[in-house]
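See structure below.
Numbering (the UniProt record's numbering), first residue to last: 1 to 271.
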């Protein structure tokens, strides 16, 4: 890695070549130049391959574990919105019980009772959805781990070196995407159970936030931010070397000690 870093840097290549020439080894300068050209040529595909493997790893390491938390936060926000609706609608709901037929109050406010049921029981039903979501995701993840290698082996069985290498990159992305889809489908139970149970009892669903869209938006924003940070961190070495001196201070001292007769293309000294 250290040699690759030196060869990929213009300043490092020039300094290495000058030291080789001063030591009476011109072949070292030629080797440094060839190594610099090779690193400049292969740096783009190497970095592209590293990025292709880095992004799925970051997704599995950081995005996937946060899916239950994101969907749980969306469920809590939906319940708080429902609670605010209940606070505003409760006085008007009481008026819905009144009748002018002289028979007092009667149960003619079904939607109000449905809202009350959602406010009281939705947190408990969300907990059941979270527990069952972990159960479903764990079972499906185990099944994927047991069968994905077999399916991938069939897909790669008739390929050759280059096609199998590209296929491996694609299969890694597919493996990560499959786990993300399973996570989103499993932890949707946080919203499904609180919506389906009231409907079974004859009430309407009380969901106020689309948890699926919310989780997808959060994941997309998080990955976009991570990509921008990685692009800034993995900027080309030449861009990082802009504004820096190419000849190191040690090399300047060596040139000065030589009587000022050493002439380079980057720094010319005369007496």
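Every residue gets a Cβ at the ideal spot worked out from N, C-alpha and C, and that includes glycine. All values reported here derive from a predicted model rather than from experimental measurement.
Excluding five sequence neighbours on each side, which residues of the same chain lie with their C-beta closer than 6 Å to the C-beta of residue i?
| i | result |
| --- | --- |
| residue 140 | 182 |
| residue 136 | 186 |
| residue 171 | 152 |
| residue 150 | none |
| residue 245 | Model confidence at residue 245 stands at a pLDDT of 44, short of 50, so the residue's coordinates are unreliable; what they give is reported in the following sentence. There are no such residues. |
Under 8 Å, do residue i and residue j count as touching if we go by C-beta distance?
| i | j | result |
| --- | --- | --- |
| residue 60 | residue 179 | yes |
| residue 86 | residue 119 | yes |
| residue 125 | residue 209 | no |
| residue 115 | residue 89 | yes |
| residue 68 | residue 133 | yes |
| residue 82 | residue 110 | no |
| residue 72 | residue 190 | yes |
Does any residue of chain B have a CB that is nearer than 8 Å to the CB of residue i?
| i | result |
| --- | --- |
| residue 179 | The structure shown contains no chain B; it holds only a single protein chain. |
Suppose the cutoff is 7 Å on Cβ atoms and the five residues either side in sequence are ignored; what does the same chain contact list for residue i look like?
| i | result |
| --- | --- |
| residue 173 | 56 |
| residue 79 | 122 and 123 |
| residue 273 | Since the first and last residues shown for the chain are 1 and 271, residue 273 lies out of range. |
| residue 91 | none |
What residues in its chain sit with their C-beta under 8 Å from that of residue i, if we drop five residues either side in the sequence?
| i | result |
| --- | --- |
| residue 239 | Here residue 239 scores only 47 on pLDDT, less than 50, and its place in the model should not be relied on; the value that follows carries that caveat. Once the five neighbours on either side are set aside, residue 239 has no close Cβ partner at all. |
| residue 201 | 117 |
| residue 127 | none |
Rounded to a whole number of angstroms, what is the C-alpha to C-alpha distance between residue i and residue j?
| i | j | result |
| --- | --- | --- |
| residue 48 | residue 184 | 29 Å |
| residue 164 | residue 153 | 10 Å |
| residue 129 | residue 187 | 7 Å |
| residue 51 | residue 44 | 10 Å |
| residue 142 | residue 112 | 44 Å |
| residue 53 | residue 169 | 7 Å |
| residue 159 | residue 84 | 60 Å |
| residue 95 | residue 66 | 44 Å |
| residue 305 | residue 138 | Past the edges of the chain, shown from 1 to 271, lies residue 305, and the structure says nothing about it. |
List the whole-angstrom C-beta distance separating residue i from residue j, where the pair is believed to meet the contact cut-off of C-beta under 8 Å.
| i | j | result |
| --- | --- | --- |
| residue 156 | residue 167 | 5 Å |
| residue 175 | residue 148 | 6 Å |
| residue 62 | residue 203 | The Cβ separation is near 38 Å, so there is no contact. |
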